[in-house]
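Trainee: Encoded as C-alpha coordinates, here's the structure I'll be asking about.
Numbering (my numbering), first residue to last: 580 to 868.
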(Lines of atoms letter the chains of each structure in order from A and count residues from 1; the text may use other names and numbers.)
(Lines give C-alpha, C1' and ligand atoms only; values in the text may rest on other atoms or scores of the structure.)
Protein backbone atom coordinates (compact mmCIF):
# COMPACT_ATOMS: atom_id res chain seq x y z
CA UNK A 1 0.00 0.00 0.00
CA UNK A 2 2.92 2.35 0.65
CA UNK A 3 4.89 1.28 -2.40
CA UNK A 4 6.39 4.19 -4.40
CA UNK A 5 5.16 6.78 -1.88
CA UNK A 6 7.07 10.03 -1.56
CA UNK A 7 6.86 12.15 1.58
CA UNK A 8 8.15 15.64 2.41
CA UNK A 9 9.47 16.37 5.92
CA UNK A 10 10.04 19.92 7.20
CA UNK A 11 12.27 20.66 10.16
CA UNK A 12 14.28 17.62 9.11
CA UNK A 13 17.20 18.14 11.51
CA UNK A 14 15.07 18.04 14.68
CA UNK A 15 14.80 15.13 17.11
CA UNK A 16 11.33 13.93 16.05
CA UNK A 17 12.01 14.45 12.35
CA UNK A 18 15.32 12.59 12.50
CA UNK A 19 13.68 9.50 13.98
CA UNK A 20 10.60 9.67 11.73
CA UNK A 21 12.78 10.05 8.65
CA UNK A 22 14.84 6.99 9.61
CA UNK A 23 11.67 4.94 10.18
CA UNK A 24 10.20 6.00 6.83
CA UNK A 25 13.48 5.36 5.03
CA UNK A 26 13.71 1.89 6.58
CA UNK A 27 10.19 1.26 5.25
CA UNK A 28 11.21 2.26 1.71
CA UNK A 29 9.43 5.62 1.61
CA UNK A 30 11.06 8.17 -0.69
CA UNK A 31 11.88 11.31 1.26
CA UNK A 32 12.25 14.98 0.44
CA UNK A 33 13.65 16.41 3.67
CA UNK A 34 14.02 20.13 4.29
CA UNK A 35 15.87 22.01 7.02
CA UNK A 36 17.64 25.26 7.73
CA UNK A 37 20.52 23.23 9.22
CA UNK A 38 22.60 20.47 7.69
CA UNK A 39 21.67 16.88 8.61
CA UNK A 40 22.63 13.28 7.95
CA UNK A 41 21.01 11.83 4.85
CA UNK A 42 19.22 8.45 4.85
CA UNK A 43 18.62 6.10 1.92
CA UNK A 44 15.91 7.09 -0.58
CA UNK A 45 16.24 10.69 0.60
CA UNK A 46 16.68 14.02 -1.19
CA UNK A 47 18.16 16.65 1.13
CA UNK A 48 17.30 20.34 0.88
CA UNK A 49 19.06 22.96 3.02
CA UNK A 50 17.37 26.37 2.88
CA UNK A 51 17.30 29.28 5.31
CA UNK A 52 13.93 30.70 4.21
CA UNK A 53 12.21 27.76 2.46
CA UNK A 54 12.37 29.63 -0.85
CA UNK A 55 9.59 28.43 -3.18
CA UNK A 56 11.68 28.67 -6.34
CA UNK A 57 14.24 26.30 -4.84
CA UNK A 58 11.83 23.89 -3.20
CA UNK A 59 8.73 23.60 -5.41
CA UNK A 60 10.29 21.75 -8.38
CA UNK A 61 11.56 19.05 -6.01
CA UNK A 62 8.22 18.49 -4.28
CA UNK A 63 6.34 17.26 -7.34
CA UNK A 64 4.64 13.87 -7.07
CA UNK A 65 4.80 13.87 -3.26
CA UNK A 66 1.93 12.17 -1.45
CA UNK A 67 2.14 13.87 1.94
CA UNK A 68 4.01 16.49 3.94
CA UNK A 69 4.98 16.09 7.61
CA UNK A 70 5.32 19.55 9.12
CA UNK A 71 7.65 19.45 12.12
CA UNK A 72 8.93 23.03 12.25
CA UNK A 73 8.09 24.83 15.48
CA UNK A 74 9.52 26.56 18.52
CA UNK A 75 8.65 26.15 22.19
CA UNK A 76 10.58 29.15 23.46
CA UNK A 77 10.38 32.72 22.18
CA UNK A 78 13.34 34.98 21.47
CA UNK A 79 13.77 38.44 19.96
CA UNK A 80 14.47 36.80 16.59
CA UNK A 81 11.86 34.03 16.70
CA UNK A 82 8.39 34.53 18.09
CA UNK A 83 5.55 32.03 18.27
CA UNK A 84 3.33 33.73 15.73
CA UNK A 85 6.08 34.01 13.12
CA UNK A 86 7.34 30.43 13.44
CA UNK A 87 4.29 28.42 14.51
CA UNK A 88 1.53 30.30 12.70
CA UNK A 89 2.82 32.32 9.75
CA UNK A 90 5.31 29.68 8.69
CA UNK A 91 2.57 27.05 8.71
CA UNK A 92 0.64 29.24 6.28
CA UNK A 93 3.69 29.17 3.99
CA UNK A 94 3.88 25.37 4.21
CA UNK A 95 0.17 25.05 3.35
CA UNK A 96 0.76 27.17 0.23
CA UNK A 97 3.70 24.95 -0.73
CA UNK A 98 1.43 21.91 -0.44
CA UNK A 99 -1.22 23.46 -2.66
CA UNK A 100 1.21 24.67 -5.33
CA UNK A 101 2.93 21.28 -5.48
CA UNK A 102 -0.39 19.40 -5.33
CA UNK A 103 0.39 17.60 -2.06
CA UNK A 104 -2.98 16.49 -0.72
CA UNK A 105 -2.10 15.42 2.85
CA UNK A 106 -0.43 17.36 5.68
CA UNK A 107 0.56 15.91 9.05
CA UNK A 108 1.20 18.48 11.79
CA UNK A 109 2.49 18.33 15.36
CA UNK A 110 0.71 20.86 17.55
CA UNK A 111 0.77 20.60 21.36
CA UNK A 112 -1.06 18.77 24.15
CA UNK A 113 -3.48 21.19 25.78
CA UNK A 114 -4.06 23.35 22.69
CA UNK A 115 -7.65 24.61 22.49
CA UNK A 116 -9.71 27.65 21.49
CA UNK A 117 -9.96 28.65 25.15
CA UNK A 118 -6.22 28.94 25.77
CA UNK A 119 -4.57 32.14 26.99
CA UNK A 120 -0.95 30.99 26.50
CA UNK A 121 0.97 32.53 23.61
CA UNK A 122 2.46 29.19 22.60
CA UNK A 123 -0.93 27.46 22.53
CA UNK A 124 -2.56 30.37 20.70
CA UNK A 125 0.02 30.17 17.90
CA UNK A 126 -0.43 26.41 17.63
CA UNK A 127 -4.24 26.69 17.65
CA UNK A 128 -4.12 29.26 14.84
CA UNK A 129 -1.85 26.92 12.86
CA UNK A 130 -4.31 24.07 13.38
CA UNK A 131 -7.19 26.23 12.12
CA UNK A 132 -5.24 27.20 9.02
CA UNK A 133 -4.64 23.54 8.21
CA UNK A 134 -8.28 22.59 8.84
CA UNK A 135 -9.53 25.47 6.69
CA UNK A 136 -7.04 24.73 3.88
CA UNK A 137 -9.22 21.95 2.40
CA UNK A 138 -6.20 19.66 2.46
CA UNK A 139 -6.50 16.24 4.04
CA UNK A 140 -4.82 16.39 7.44
CA UNK A 141 -3.84 14.65 10.63
CA UNK A 142 -3.08 16.96 13.55
CA UNK A 143 -1.24 15.47 16.49
CA UNK A 144 -1.12 17.13 19.92
CA UNK A 145 1.97 15.60 21.53
CA UNK A 146 2.98 15.33 25.15
CA UNK A 147 6.69 14.82 25.88
CA UNK A 148 8.17 12.71 23.11
CA UNK A 149 11.11 10.92 24.67
CA UNK A 150 14.08 8.97 23.40
CA UNK A 151 17.83 8.92 23.89
CA UNK A 152 18.46 12.42 22.54
CA UNK A 153 15.31 14.51 22.92
CA UNK A 154 15.72 17.90 24.64
CA UNK A 155 14.07 16.77 27.89
CA UNK A 156 16.28 13.68 28.15
CA UNK A 157 19.39 15.73 27.32
CA UNK A 158 18.46 18.16 30.09
CA UNK A 159 18.17 15.33 32.63
CA UNK A 160 21.45 13.75 31.51
CA UNK A 161 23.20 17.11 31.85
CA UNK A 162 21.77 17.53 35.35
CA UNK A 163 22.89 14.01 36.32
CA UNK A 164 26.48 14.93 35.39
CA UNK A 165 26.33 17.75 37.94
CA UNK A 166 25.08 15.31 40.57
CA UNK A 167 21.76 17.05 41.07
CA UNK A 168 18.46 17.33 39.19
CA UNK A 169 16.37 20.41 39.89
CA UNK A 170 12.59 20.10 39.93
CA UNK A 171 10.47 23.25 39.51
CA UNK A 172 7.93 23.52 42.36
CA UNK A 173 6.36 20.42 43.91
CA UNK A 174 6.96 18.03 41.03
CA UNK A 175 3.49 16.56 41.64
CA UNK A 176 2.15 17.64 38.23
CA UNK A 177 1.78 14.80 35.72
CA UNK A 178 3.24 14.25 32.28
CA UNK A 179 2.14 11.61 29.73
CA UNK A 180 5.29 10.87 27.74
CA UNK A 181 5.34 8.80 24.58
CA UNK A 182 8.30 6.91 23.15
CA UNK A 183 9.77 8.19 19.88
CA UNK A 184 9.63 4.76 18.20
CA UNK A 185 5.86 4.68 18.79
CA UNK A 186 5.54 8.20 17.40
CA UNK A 187 7.44 7.25 14.24
CA UNK A 188 5.18 4.24 13.66
CA UNK A 189 2.01 6.28 14.26
CA UNK A 190 3.09 9.04 11.85
CA UNK A 191 3.97 6.40 9.26
CA UNK A 192 0.46 4.95 9.55
CA UNK A 193 -1.08 8.42 9.36
CA UNK A 194 0.45 8.97 5.92
CA UNK A 195 -1.71 6.42 4.16
CA UNK A 196 -4.42 5.01 6.44
CA UNK A 197 -7.89 6.50 5.92
CA UNK A 198 -8.83 6.40 9.61
CA UNK A 199 -6.25 9.16 10.19
CA UNK A 200 -8.03 11.45 7.71
CA UNK A 201 -9.17 14.88 8.94
CA UNK A 202 -8.68 14.14 12.63
CA UNK A 203 -7.01 15.69 15.68
CA UNK A 204 -5.35 13.20 18.04
CA UNK A 205 -3.54 13.56 21.35
CA UNK A 206 -0.11 12.02 20.85
CA UNK A 207 0.40 10.56 24.32
CA UNK A 208 1.62 7.43 26.05
CA UNK A 209 -0.47 5.00 28.04
CA UNK A 210 0.88 6.06 31.44
CA UNK A 211 0.63 9.33 33.34
CA UNK A 212 3.50 9.87 35.76
CA UNK A 213 4.37 12.78 38.05
CA UNK A 214 7.38 14.81 37.03
CA UNK A 215 9.12 13.96 40.30
CA UNK A 216 8.51 10.22 39.83
CA UNK A 217 9.76 10.37 36.24
CA UNK A 218 12.95 12.13 37.29
CA UNK A 219 13.60 9.68 40.13
CA UNK A 220 13.09 6.63 37.91
CA UNK A 221 15.15 8.17 35.10
CA UNK A 222 18.12 8.76 37.40
CA UNK A 223 17.87 5.58 39.48
CA UNK A 224 21.26 4.01 40.11
CA UNK A 225 23.17 7.23 39.35
CA UNK A 226 23.35 8.57 42.94
CA UNK A 227 21.87 11.84 41.72
CA UNK A 228 20.26 14.13 44.27
CA UNK A 229 16.80 15.55 43.58
CA UNK A 230 16.31 19.18 44.59
CA UNK A 231 13.01 21.06 44.43
CA UNK A 232 13.33 24.72 43.45
CA UNK A 233 10.83 27.38 44.43
CA UNK A 234 8.51 27.92 41.46
CA UNK A 235 8.69 31.71 41.72
CA UNK A 236 12.49 31.50 41.52
CA UNK A 237 12.33 29.28 38.44
CA UNK A 238 9.85 31.61 36.70
CA UNK A 239 12.06 34.61 37.46
CA UNK A 240 15.03 32.81 35.93
CA UNK A 241 12.94 31.90 32.85
CA UNK A 242 11.88 35.53 32.37
CA UNK A 243 15.26 37.15 32.96
CA UNK A 244 17.74 34.62 31.54
CA UNK A 245 17.48 33.50 27.88
CA UNK A 246 19.79 30.59 28.69
CA UNK A 247 17.67 29.24 31.54
CA UNK A 248 16.83 25.54 31.57
CA UNK A 249 13.11 26.34 31.27
CA UNK A 250 11.28 29.00 29.30
CA UNK A 251 8.13 30.58 30.70
CA UNK A 252 5.90 28.52 28.45
CA UNK A 253 7.94 25.39 29.17
CA UNK A 254 6.92 25.86 32.80
CA UNK A 255 3.32 26.63 31.92
CA UNK A 256 3.13 23.40 29.91
CA UNK A 257 4.84 21.40 32.62
CA UNK A 258 2.71 22.45 35.57
CA UNK A 259 -0.44 22.59 33.43
CA UNK A 260 -1.00 18.89 34.16
CA UNK A 261 -2.61 18.29 30.76
CA UNK A 262 -4.16 14.87 30.11
CA UNK A 263 -4.43 13.31 26.67
CA UNK A 264 -6.93 10.82 25.22
CA UNK A 265 -4.72 7.76 24.96
CA UNK A 266 -7.61 5.35 24.33
CA UNK A 267 -8.66 7.15 21.14
CA UNK A 268 -5.07 7.14 19.87
CA UNK A 269 -4.69 3.44 20.66
CA UNK A 270 -7.91 2.48 18.83
CA UNK A 271 -7.06 4.46 15.71
CA UNK A 272 -3.34 3.64 15.56
CA UNK A 273 -3.71 -0.05 16.38
CA UNK A 274 -0.12 -0.27 17.55
CA UNK A 275 1.37 -1.80 20.68
CA UNK A 276 2.73 1.06 22.80
CA UNK A 277 6.01 0.99 24.69
CA UNK A 278 5.83 1.24 28.48
CA UNK A 279 7.66 4.38 29.57
CA UNK A 280 8.04 2.97 33.08
CA UNK A 281 9.75 -0.15 31.70
CA UNK A 282 12.04 1.99 29.55
CA UNK A 283 12.98 4.06 32.59
CA UNK A 284 13.64 1.02 34.76
CA UNK A 285 15.76 -0.63 32.08
CA UNK A 286 17.89 2.50 31.69
CA UNK A 287 17.18 2.56 27.95
CA UNK A 288 16.82 6.34 27.91
CA UNK A 289 20.14 7.04 29.63
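We treat Cβ as the ideally placed atom computed from N, Cα and C, and that holds for glycine.
1. What does the alpha-carbon distance come out to for the pair residue 861 and residue 804?
2. By DSSP, does residue 746 sit in helix, in strand, or in coil?
3. State the beta-bridge partners of residue 647 as determined by DSSP.
4. So, for residue 809: in the same chain, excluding its five sequence neighbours on each side, which residues have a beta-carbon less than 8 angstroms away from its beta-carbon?
5. Let's test the definition: count the other Cβ atoms within 10 Å of the Cβ of residue 638 and tell me whether it reaches 16, buried, or not, exposed.
6. Looking only at its own chain, which residues have a Cβ that is under 6 angstroms from the Cβ of residue 832, when we skip the five neighbours before and after it?
7. State the beta-bridge partners of residue 723 as determined by DSSP.
8. With residue 624 as the anchor, note down where its beta strand (DSSP E) starts and where it stops.
9. Can you tell me which of the three DSSP states residue 659 falls into?
10. Take residue 765 and list the residues in its own chain whose beta-carbon comes closer than 6 angstroms to its own, dropping the five residues that flank it on each side.
11. Taking C-alpha atoms, which residue in 858, 717, 671, 807 lies nearest to residue 682?
12. Thinking C-beta only, is residue 762 closer than 8 angstroms to residue 729?
13. From which residue to which residue does the beta strand (DSSP E) around residue 836 run?
14. Should the stretch 772-792 be regarded as contacting the stretch 621-629, the criterion being three or more beta carbon pairs within less than 8 angstroms?
15. Taking the CB atoms as reference points, tell me whether residue 777 and residue 719 lie closer together than 8 angstroms.
16. Evaluate residue 649 with the Cβ neighbour count: other Cβ atoms within 10 Å of its Cβ, from every protein chain shown; 16 or more gives buried, anything less gives exposed.
Mentor: Taking the structure as given:
1. 16 angstroms
2. strand
3. 587, 685
4. 746, 747, 748, 749
5. exposed
6. none
7. 784
8. 624-628
9. coil
10. 727
11. 717
12. yes
13. Residue 836 -> not in any beta strand (DSSP E); alpha helix (DSSP H) instead, spanning 830-837.
14. no
15. no
16. buried
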